[in-house]
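Following: one structure in structure tokens, then a few remarks.
Protein chains in written order, with the working numbering: chain A, 4 to 124; chain B, 95 to 1052.
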């Protein structure tokens, strides 16, 4: 089971890294989403794996529980990564609508400085 | 009454007062100046109340804890040395405020000037009153900053800007060095309290860190006090308005370095390195400054180099390390203040009236502006060290000390050089007198000079009176000098200040100085020609060249690394991380695995395969954006399933609802983005990226595996044990969120709220820019669905709404004890609402439910915050929760907990943020010409066609 989780994290990370190295905003967003999955599962896994042991206290029996702390941290992390993805999407969308291109690399820093000046004026 | 607390008030008064000028400038320039004087006068009065105690030899102190963990406290103390400097700072400050009122022209923003001046005054007071070296460092940097503002006050003058930059660079760099030195001192002693450090002189001098600390602190002091070779910034700082030069560059800021050396004297002075570094630097600076001063034609430049020379004199005296030298230094600080500040003001008056400061264009002013001439001549004579003025006494004391100082077994070198310095000092002082005020009246002044109004010469006149008074009755200054010298040395000093010491070697040295000085002045024209022919290093040129090199290097570095190719930065980041991780693996050690591997049932294999396949498909199909979204949602589902299987029901709930919202958001965004990604990367680049990705993935997998197969002690047992007892809930994850780590959660909902508002603001800005036009002109693809709001969807979502809301509420309520809670409930409800939006259009749905999402976020944060604050009322720390049980007869036991209110805040914030994000997207849609539908669905079979509807009615009628 450990191998399954570790390899899943690895696969997600690899996919995420490959996608964030692309040149357009949308694949980069997808890559960030994959990386968020990987990071969340990784954080979750630092609590070690347990089956049939949810951290819901049982009043009637003395049973074992999985580690609740990483779960609590990951829960908020999932929600926050949604917020982050949303902001990223919005910035990418804004950039695309403003510049009519969703390339993420600046063509030439020198040219870029001129463009900025032009927009400022 | 705690006397010490007054000190904190004294230190803070100028800062508070700095607000005054800005407010009062509207009431006129006189009001502005008067109100600027108020905080200074108040501080001076408060300081006055402490004088008797300090004169008795007491040390007044106060401590306000600030960051005790760092050893930083707002501690202030006042001893003789502090009193001497604080008195100078406030006293001269008051005169400068008066002088500046008449000096500044109508075009100068006076409010700004006074604000900077008070900021500087506060920073300077802070330095001399601090009892904590970290606090002292903060004020030290503040003086650099505020002097930068003051030097560059005339923003339109390039010299002003350049001079300000140079001063900031030099003194700022010195300040950095001093931070290092002070931290070393603090480490040696184990305390950052100045009083503690001063008591540990032996320990510090014996430490092997003494030399580094000494050198670093001296760099700080030398840069601030313009000692060779850092003296060059001071003349360039003369581009400042004259009141600034008089205040900062003669009386106060440049003496901060002297103050620091005096302050640290008990712990640093008296050693050989101290003597050779400090006394030698002082001696060189004194002679060099005096020599250069003689050849300067600009009055202020002459005075600036004279100041450099006198600062060198003070440094040298402190460097001697003897009690008598310290007494001479303390006395000379007072004397230099009186004559130099007055001289600067005189130079300012001349400049103000004659419109030039060039000595070559002046002369004969004694007849045209007699009052100014009297002031100028008396103070310049004092600067030369003429009997019976105060400058004479302290210069005699200096020469006396120099006369019996042995430098490297050589008893001649110090006295000879000191006399040489004195010769030039006499020469430039005489030049100031004879070439400005003496000689015949000319007829080619740029403006007709005459004496200024009383307000302008009042301040220098008062200082001139002091010059004469102290000269005639030096015993007047004796108590202050005694107190200061006692404080510096930590010993009992008994100075006997008197005008006439009899015929001593020092007197002969003075006589020689006057004779040679007069000779130098007479031959000045010839000497000057020679001076101009001599190759001299021009400090500004060197400084500018160094700065230029630094800038060029930084630019080249930034351009080569920060070239706008984002994907390259990311590649570097990933590769670096992998390399660091691999390095850590090979250099560190790792324990053997301790955990047993769990078995893998067939279903898990299916999930794993789906996840891997979906990831592969997302990556390989990423150019078809729509398809990749479908695949990525499979990954989310599989991860949710994994959470269920691995005992994390809360995570599973959250993941699946976030997944839904994320995909909807991405779909909405994709509507406006290109639907395909063009193939741009070469095969080589793709291959390279694949290698990086696989290496990264493999490394992370290995790391995760290493984690998963080893046990670790964590604090989770505490949470499990106390969740019910302390937090009143059995769902430990939820209790951690709303109770144990409630503060984290509080921060997180704020972050989420900010993300929502950011998106809203971004959209708002976007729709005002060029994007708005592009959106309006946008041609929609012809293959749009003509049935945008299908019947089945509308009906199904209507039926599901109450159920979804009920589920949301249920999940919210059970959250404390069972999987669920505010986060999940917020997401579920937002999905329920989103379904309505999807079915009938955002605007249609929005019209039917008037919820202001901005305020929903606000209320969420407020409710959560108030719940936390509520704990204060019960005398508990922020966010301590309380709970109890209620019994309603027909129902079972019912729990209430304040955590529930907190969770409600979480719920509202999450709901508000998610909805605001989607609302923002829908605004773009409407901007792009999306029509608002009036009917909930496009084809309502109950309305059209008309005939069949009638038929239906008839059938129903039958």
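No residue lacks a Cβ here, since even glycine has one placed at the ideal position from N, Cα and C.
ask   = Less than 9 Å separating the beta-carbons of residue 316(B) and residue 260(B)?
value = no
task = Compile a chain-ordered list of the residues in the region 732-751 of chain B whose CB is closer than 7 Å to at least one CB of chain A.
result = 733, 739, 740, 741, 742, 743, 744, 745, 748 and 749
key: Cβ pair count under 8 Å reaching 3, the region 571-584 of chain B against the region 462-482 of chain B   = no
key: Residue-level contact to chain B via CB, residue 105(A), 9 Å cutoff   = yes
task = Using a Cβ-Cβ cut-off of less than 8 Å, list which residues of the region 901-930 of chain B approach chain A; keep chain order.
result = 911, 912, 913, 917 and 921
inquiry  = Any C-beta of chain A within less than 8 Å: which residues of the region 776-791 of chain B qualify?
reply    = 783, 784, 786, 787, 788, 790 and 791
query = Which partner residues does residue 259(B) have in the DSSP bridge list?
reply = DSSP, once it has assigned bridges, lists no residue as partnering residue 259(B).
request  = Return the chain-ordered list of same chain residues with a C-beta closer than 6 Å to the C-beta of residue 581(B), the five sequence neighbours on each side being excluded.
outcome  = 173, 174 and 175
query = Is any beta-carbon of chain B found at less than 9 Å from that of residue 68(A)?
reply = yes
message = So for residue 169(B), helix, strand or coil by DSSP?
response = strand
message = For residue 937(B), tell me which candidate among 900(B), 1018(B), 953(B) and 476(B) has the shortest Cα-Cα distance.
response = 1018(B)
ask   = In the DSSP assignment, what residue or residues form a beta bridge with residue 154(B)?
value = 172(B)
request  = With hydrogens ignored, establish whether the beta-carbon of residue 443(B) is closer than 8 Å to any heavy atom of the ligand MG.
outcome  = For the ligand MG, the structure offers nothing, since it holds no ligand at all.
task = Specify whether the region 492-504 of chain B and the region 436-447 of chain B touch according to this definition: at least 3 beta carbon pairs, one from each stretch, less than 8 Å apart.
result = no
message = Per DSSP, what are the beta-bridge partners of residue 59(A) in this structure?
response = 825(B)
query = Using a C-beta to C-beta distance shorter than 7 Å, which residues of chain B count as neighbours of residue 89(A)?
reply = 759, 849, 853 and 1011
inquiry  = Strictly by DSSP, which residues pair up with residue 977(B)?
reply    = 991(B)
ask   = For residue 659(B) and chain A, any beta-carbon pair shorter than 9 Å?
value = yes
message = Can you give me the C-alpha to C-alpha distance between residue 178(B) and residue 145(B), rounded to a whole angstrom?
response = 10 Å
key: residue 1048(B) at chain A interface by Cβ criterion, 9 Å   = Caution is warranted here: a pLDDT of 44 is assigned to residue 1048(B), below 50, making its placement in the model unreliable, and the coordinate value is therefore given only provisionally. No, residue 1048(B) lies away from the interface with chain A (no Cβ there is under 9 Å from its Cβ).
ask   = What three-state label does DSSP hand residue 632(B) in the structure shown?
value = coil
request  = Take the Cβ of residue 630(B) as the centre, count every other Cβ of all protein chains shown within 10 Å, and call the residue buried at 16 or more, exposed below.
outcome  = exposed
request  = Give every residue of the same chain whose Cβ lies closer than 8 Å to the Cβ of residue 38(A), excluding the five residues on either side of it in the sequence, and list them in chain order.
outcome  = 15, 16, 19, 20 and 23
inquiry  = Here's the rule: buried if 16 or more other CB atoms are within 10 angstroms of the residue's CB, otherwise exposed. What is residue 250(B)?
reply    = exposed
key: Proximal chain A residues relative to residue 665(B), where beta-carbon distance stays under 8 Å   = 24
key: Min CB distance residue 1044(B) to chain A below 9 Å   = For residue 1044(B), the predicted structure reports a pLDDT of 45, less than 50, and the residue's modelled location is therefore unreliable. A value from the coordinates is still provided. For residue 1044(B), the answer is no, since every Cβ of chain A falls outside 9 Å of its Cβ.
query = Got a sec: is the Cβ-Cβ distance from residue 684(B) to anything in chain A below 9 Å?
reply = no
query = In this structure, does DSSP put residue 718(B) in helix, strand or coil?
reply = strand
query = Do you know whose CA, among 165(B), 363(B), 681(B) and 805(B), lies nearest residue 281(B)'s CA?
reply = 165(B)
ask   = Taking one C-beta from the region 609-627 of chain B and one from the region 513-525 of chain B each time, how about it: are there three or more such pairs within less than 8 Å?
value = yes
request  = Along the alpha helix (DSSP H) that carries residue 575(B), what are the first and last residues, could you check?
outcome  = 572-583
task = Could you say which of 644(B), 625(B) and 805(B) lies nearest to residue 687(B) if we only look at CA atoms?
result = 805(B)
ask   = Taking all protein chains shown into account, do 16 or more other C-beta atoms lie within 10 angstroms of the C-beta of residue 744(B), making it buried, or fewer, making it exposed?
value = buried
ask   = Is residue 447(B) near residue 545(B), with beta carbons less than 9 Å apart?
value = yes
query = Can the beta-carbon of residue 432(B) be found closer than 9 Å to that of residue 328(B)?
reply = no
query = Three or more beta-carbon pairs under 8 Å between the region 189-209 of chain B and the region 124-136 of chain B, yes or no?
reply = yes
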